[in-house]
Amino acid sequence: MPSFQTSRRTLLLAALAGSAALALPDGLRAQARVAGLALYGPPAGPSVTLAHAVATGKFADLADTATMTAWRNPDELRAGLTSGTIELSVVPVQAAANLYNRDFPIRLANVMTNGLLYIASGDATIADIPDLAGRTVAVPFRGDTPEILFSQLLAHHGLNAETGLQITYAGSPIEAMQLLLAGRVEAALTAEPSTTAAVLQGRQAGKDIRRVINLQEAWGAMTGAAPVVPQAGLAIIKAFLDEHGEVVPAILSAIETATAEVLADPTTAAANATDALGMPAPLLAASIPHSNLVARPASDARVDVERMLTAMAGDDMARIGGKLPDDAFYL
Amino acid sequence: MARKTILALHGLALVGLLVVAVALATWRSALWPLDLGFSALMTTGGLAILILAWGLLWLAPLLISAALNRHWQRLALWPFAVLGMIALHAFYGPARGFMTLDRLTLIGALNLYAIPVALAVLLGSALREGFRRKSRSNAAMRVRPRRTGATISTSR
Chain C
87 MPSFQTSRRT LLLAALAGSA ALALPDGLRA QARVAGLALY GPPAGPSVTL
137 AHAVATGKFA DLADTATMTA WRNPDELRAG LTSGTIELSV VPVQAAANLY
187 NRDFPIRLAN VMTNGLLYIA SGDATIADIP DLAGRTVAVP FRGDTPEILF
237 SQLLAHHGLN AETGLQITYA GSPIEAMQLL LAGRVEAALT AEPSTTAAVL
287 QGRQAGKDIR RVINLQEAWG AMTGAAPVVP QAGLAIIKAF LDEHGEVVPA
337 ILSAIETATA EVLADPTTAA ANATDALGMP APLLAASIPH SNLVARPASD
387 ARVDVERMLT AMAGDDMARI GGKLPDDAFY L
Chain S
51 MARKTILALH GLALVGLLVV AVALATWRSA LWPLDLGFSA LMTTGGLAIL
101 ILAWGLLWLA PLLISAALNR HWQRLALWPF AVLGMIALHA FYGPARGFMT
151 LDRLTLIGAL NLYAIPVALA VLLGSALREG FRRKSRSNAA MRVRPRRTGA
201 TISTSR
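Protein chains in written order, with the working numbering: chain C, 87 to 417; chain S, 51 to 206.
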């Protein structure tokens, strides 16, 4: 029968073990935790994944509280990043690369969508980029990723953006959608979930608005690679990495699990994300299948990211901050 | 029936039509999980696009309805006006950015035009009832003192 009587030797060993444990770094002493995990993202597909992860408690083992907040436009994102208010956010990869190349302490942790850009139109004769010749096209996000991608595709197909077609610049994807539905343009460059909104609204009015060109496929055909536009991913600021770097693998793992759940059950994910994103759940649910949601570690997606950045830069590397980001950009 | 009652019934019918329109929009586009605000937004957006696309043509069912004397005549106008709009859609719709009737299907076209046409007919009917009842009431007020021999002088 084992004896549970405490001996002097046992007490000594326990004291030594306790002292050693206290001397260990924080990360090994217990499961590392963050007091408040504040995630940010655009009101679009990848943020549904984050909002769903927060709503289903995927970060409960890592943080006392977890929140997901949607920023409304790239300017709000840039202001948040530079002021330090935003430490973890889904960002356009091109914007993150640009900031990194300007010595802003930002890293790309993963890629959360393989692209969510489409040309929407009610004209069934438009099926590829060359079909846009001479057409009126609404283009939002002037100077940002979608417009740069679109310009590169036009140039690749020998279309001059100023003379080959009539571009109407819209203030937002929603405005582009409205121009299309009102019949003021023949096609519109839109991102999910705006494309889905156009399709749904068109259906209510007897208009057959469709995703006539999948920009990811057009991009793949142009670059001779997979139809992948690693458009957005989770970026993390160095201050967060310095303070809580040990929890990042667990955060990425939680996002991977959440992505699988979102793709398997868009309706539930949309219901979980509607408040955080301030967008209607039916719209989010219908847009998820077209948002190409993924959770690829940044290092795995590097080849695709560099291909996209190279093609986007074209002959003007200043578009991505002068060069391709180096190894340290990819977590 | 009193004018107020008839107009209240028209209002009730209007609410009923809007509820049916929202329900149809939700079902047709599978807007799940249900968000009444979004369904209503999609419905009003769809109605607005239809109204703007056909413009003053919507005055036709409205004015014809207002010109018809009997309730049953206005009710009978509804299916004819819907068929008229579907015929217009078939001939001129694609040029205005709408789906061809082949693609929309006849059932789809009925879904599309039944409620907006009903709204136009109902509005015409409400205008008819509102103005007619008002004039009858005025006429009754004018003759009543003479019939009853009252001393209140409302007529000259």
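Note that CB positions come from ideal geometry on N, CA and C, so glycine has one too.
Note that the structure is predicted; figures quoted are calculated from it, not measured.
For residue i, does the three-state DSSP call read helix, strand or coil?
| i | result |
| --- | --- |
| Asp150 (chain C) | strand |
| Val315 (chain C) | coil |
| Gly155 (chain C) | The question names Gly, yet the displayed sequence has Thr at residue 155 (chain C). Of the three classes helix, strand and coil, the one that applies to Thr155 (chain C) here is strand, per DSSP. |
| Val223 (chain C) | strand |
| Met403 (chain C) | helix |
| Ala397 (chain C) | helix |
| Pro178 (chain C) | strand |
| Ala107 (chain C) | Residue placement at Ala107 (chain C) is flagged as unreliable, the pLDDT there being 44, under the threshold of 50; the coordinate-derived value follows with that caveat. It is helical. |
| Ile295 (chain C) | coil |
| Ile323 (chain C) | strand |
| Thr150 (chain S) | coil |
| Leu260 (chain C) | Note that residue 260 (chain C) is Ile in the sequence shown, not Leu. Reduced to three states, the DSSP call for Ile260 (chain C) is helix. |
| Val69 (chain S) | helix |
| Leu251 (chain C) | coil |
| Leu194 (chain C) | strand |
| Asn300 (chain C) | strand |
| Pro83 (chain S) | coil |
Cβ of residue i within 8 Å of Cβ of residue j?
| i | j | result |
| --- | --- | --- |
| Ala206 (chain C) | Ala273 (chain C) | yes |
| Pro232 (chain C) | Leu275 (chain C) | yes |
| Ala159 (chain S) | Ile136 (chain S) | yes |
| Ile212 (chain C) | Val285 (chain C) | no |
| Ala387 (chain C) | Leu417 (chain C) | no |
| Gln287 (chain C) | Gly180 (chain S) | no |
| Ala164 (chain S) | Val132 (chain S) | yes |
| Ala152 (chain C) | Leu123 (chain C) | yes |
| Val225 (chain C) | Ala268 (chain C) | no |
Looking only at C-alpha atoms, which of the options sits nearest to residue i?
| i | options | result |
| --- | --- | --- |
| Ala344 (chain C) | C:Thr171, C:His138, C:Gly122 and C:Val120 | C:His138 |
| Ala336 (chain C) | C:Gly306, C:Ala381 and C:Met403 | C:Ala381 |
| Thr321 (chain C) | C:Val176, C:Phe190 and C:Ala350 | This sequence places Ala at residue 321 (chain C); Thr is not what is there. Of C:Val176, C:Phe190 and C:Ala350, the residue nearest in Cα terms is C:Val176. |
| Ala371 (chain C) | C:Ile323, C:Ala312 and C:Gly131 | C:Gly131 |
| Leu138 (chain S) | S:Asn119, S:Thr94, S:Leu118 and S:Leu162 | S:Leu162 |
| Arg182 (chain S) | S:Leu127, S:Leu118 and S:Pro166 | S:Leu118 |
| Val65 (chain S) | S:Gly180, S:Arg178 and S:Leu173 | S:Leu173 |
| Glu332 (chain C) | C:Gly306, C:Leu148 and C:Val225 | C:Leu148 |
| Thr135 (chain C) | C:Thr151, C:Thr155, C:Asp150 and C:Thr254 | C:Thr155 |
| Thr68 (chain C) | C:Ala121, C:Thr249 and C:Leu202 | There is simply no residue 68 (chain C) to check, as chain C begins at 87 and stops at 417 in what is shown. |
| Leu154 (chain S) | S:Ala140, S:Arg120 and S:Ile165 | S:Ala140 |
| Pro279 (chain C) | C:Ala219, C:Ile172, C:Thr199 and C:Gly143 | C:Thr199 |
| Val314 (chain C) | C:Tyr204, C:Ala195, C:Arg193 and C:Trp157 | C:Tyr204 |
| Asp209 (chain C) | S:Val70, S:Pro144 and S:Met51 | S:Pro144 |
| Phe145 (chain C) | C:Gly364, C:Ser377 and C:Val334 | C:Val334 |
| Ser339 (chain C) | C:Leu349, C:Pro191 and C:Ala195 | C:Ala195 |
Does any residue of chain C bring its CB to less than 8 Å from the CB of residue i?
| i | result |
| --- | --- |
| Phe141 (chain S) | no |
| Ile99 (chain S) | yes |
| Arg153 (chain S) | yes |
| Leu68 (chain S) | no |
| Thr204 (chain S) | With a pLDDT of 44 at Thr204 (chain S), under the threshold of 50, the predicted position of this residue should be treated as unreliable, though the coordinate-derived value follows. No, no contact with chain C. |
| Ser115 (chain S) | no |
| Arg61 (chain S) | Correcting the residue type first, residue 61 (chain S) is Gly in the shown sequence and not Arg. No, because no Cβ of chain C sits closer than 8 Å to the Cβ of Gly61 (chain S). |
| Pro83 (chain S) | yes |
| Thr198 (chain S) | Residue placement at Thr198 (chain S) is poorly supported in this model, since its pLDDT is 48, which falls under 50; the coordinates still yield a value, given next. So, not an interface residue. |
| Met149 (chain S) | yes |
| Leu169 (chain S) | no |
| Arg78 (chain S) | yes |
| Met51 (chain S) | no |
| Thr55 (chain S) | no |
| Met92 (chain S) | yes |
| Leu106 (chain S) | no |
| Leu118 (chain S) | no |
| Gly134 (chain S) | no |
| Ala131 (chain S) | no |
Say whether chain S places a C-beta atom closer than 8 Å to the C-beta of residue i.
| i | result |
| --- | --- |
| Gln252 (chain C) | no |
| Leu363 (chain C) | no |
| Pro279 (chain C) | no |
| Gly170 (chain C) | no |
| Gly407 (chain C) | no |
| Asp351 (chain C) | no |
| Leu286 (chain C) | yes |
| Arg158 (chain C) | no |
| Gly220 (chain C) | no |
Check your understanding: Okay, do the region 77-85 of chain S and the region 58-68 of chain S touch, 3+ Cβ pairs below 8 Å being the bar?
Key -> no
Review point. Would you call the region 354-365 of chain C and the region 166-175 of chain C in contact, with 3 or more CB pairs under 8 Å?
Key: no
Practice item. State whether the region 128-136 of chain S contacts the region 314-328 of chain C, with contact taken as three or more CB pairs (one from each stretch) at a distance under 8 Å. Key: no
Point to revise | Cβ contact (3+ pairs, closer than 8 Å) linking the region 388-399 of chain C and the region 178-197 of chain C | key: yes
Check your understanding: Hey, is the region 285-293 of chain C in contact with the region 236-256 of chain C, meaning 3+ C-beta pairs nearer than 8 Å?
Key -> no
**Study point:** Contact between the region 403-410 of chain C and the region 187-204 of chain C (3+ Cβ pairs under 8 Å)
**Key:** yes
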